[in-house]
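Colleague: Let me begin by handing over the structure; questions about it come next.
In the numbering used here, the protein residues as written are 3 to 90.
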């Protein structure tokens, strides 16, 4: 589990994320970070006994999606697309 968390932190930093914090609970580990555009994000990792390569791949995919969605939402706000939805 520690190796996976270290790998995730490394990938977040490589993707341009910053301010990475890790908090551990009884059943989950949370990785809090700032996306390249400055919005906060969090990944929730289940602390099960079986951690497969597939699970690590799913976490990497989740991290990439969070980074991409943060960039997309900022670009939509800059172009005014969200202002139409909020007016409704």
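Note that CB positions come from ideal geometry on N, CA and C, so glycine has one too.
Fair warning: this is a prediction, and the values are worked out from it, not measured in the lab.
1. On the criterion of 16 or more Cβ atoms from any shown chain inside 10 Å, does residue 3 qualify as buried, or is it exposed?
2. Which same chain residues, not among the five before or five after residue 44, have their C-beta less than 8 Å away from its C-beta?
3. In chain order, what residues of the same chain lie with their CB nearer than 8 Å to the CB of residue 24, ignoring the 5 residues before and after it?
4. With distances taken between CB atoms, is the gap from residue 62 to residue 26 smaller than 8 Å?
5. Would residue 38 and residue 69 be called neighbours here (beta carbons separated by less than 8 Å)?
6. Quick check on the DSSP output: the beta strand (DSSP E) that includes residue 23 runs from which residue to which?
7. DSSP three-state label for residue 8, please.
Modeller: Here's the rundown:
1. exposed
2. 32, 33, 34, 35
3. 7, 11, 31, 32, 33, 34
4. no
5. yes
6. Segment 20-26, the beta strand (DSSP E) holding residue 23.
7. Residue 8 falls in the helix class under three-state DSSP.
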